[in-house]
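Scroll down for the structure; my scribbles are underneath it.
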Amino acid sequence: MSDPTVKKVVTNEANYWDTFYAHKFTVSVPSQFCCLTAIEAPKTRPFVEFGCGNGRDSMYMATQGFRVYSGDLSGAAVANLKKNSPSNATFSVCDVSKPEHVQSLVDEARAGANADDNFNITMYNRFFMHALDEQQEYVYLEALASATKSGDTLYMEYRCSLDEALEKEHGKGHYRRYVETAKLVDLLETLGFSIKYEITGQGMAKYKAEDPFVSRIICERN
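According to my numbering, the sequence shown is numbered sequentially starting from 13.
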C-alpha cells in the first residue's frame, strides 16, 4: 500500500533526497532498532547499511567498534558523512535499484570479513523498505540474495501496512509504501532467507507524538 496522493518519480529520487538532507542533516542518537542490532550482531562481522540517510545508525555502530560500510542514494548525504566519518566507517553512493551497486557494497564489506567466521557479514536497513516501490524492493532483495552467502544476516525495520492511517511527524508530500509484512516474509523465504525473528507493533519507533506501526525482521541467508 502507498499514499495515493503522492506519486513516486524514480528519475528524480536522488534530487529529492539531496534536497531533503541539505535541510535535515543532523547525526543524532541512534534508533532503538540500531541499539538492538548493536547488542545482537557479532562485532567481528562487517556491518553494511543500505539507505543510511544522515548516518545516525551507521555512525553509532562505528562507535561501538563495528567496521561499517554504508550506502545511500543521496550523493549530498554521502558527501556530508565522508567529512566526519571515523576510520572504521566507509560511505558511498548506492542505488539499490541497480544490482551492481548492491553487489559492490557487499563485496567491499566481504573483503574485510573474518575467515574464522566464514567471511559472513551483517546487513541492515531501517525505515528504508517503505521508501521503495514494489519493483525496487524486488530488485534490491534479489540482488541481496545473489550477493550474499550462507550465514549472512539481514536486520530490517520499516513502516508496515497498519501504519498507513496514522498521523506523521515528517514526510508529508513524499512517497511512502506501507509494506505488507506477510508478503515480504514470503518473498524473503522464496529468495533463500530464513526468518529468525519477526514482530509487528507499536512502541518500537516512537518519535515525539508519533508512535508508528512498524515491523522488524531478522533473517539469515540459507
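Glycine is no exception: its CB is placed at the ideal position from the N, C-alpha and C atoms.
Secondary structure at K161: coil, using DSSP grouped into helix, strand and coil. With respect to the C-alpha of S86, the residue from C46, A74, N96 and C106 having the closest C-alpha is C106. For the set D129, A91 and A123, the Cα lying nearest the Cα of P54 is the one of D129. Counting only residues of its own chain and dropping the five nearest sequence neighbours on each side, P98 has a CB closer than 7 Å to the CB of A74. Secondary structure of G83 (DSSP, three-state): strand. Check the Cα spacing between F225 and each of C231, G215, N234 and E232: the tightest is with G215.
A straight line joining the alpha-carbon of A91 with that of R233 spans about 32 Å. Taking each of F78, F45, S43 and G163 in turn and checking the Cα distance to F205, the smallest one comes out for G163. The beta-carbon distance between V191 and Y170, rounded to whole angstroms, is 5 Å. This is short enough to meet the 8 Å contact definition. Counting along the chain, E222 sits inside no beta strand (DSSP E), nor does DSSP assign it H or E at all. Straight-line spacing of the CA atoms in K208 and G124 works out to 25 Å.
Boundaries of the alpha helix (DSSP H) around V197: T193 to T202. CA-CA distance, V41 to G83, rounds to 19 Å. For T75, the enclosing alpha helix (DSSP H) starts and ends at R68 to T75.
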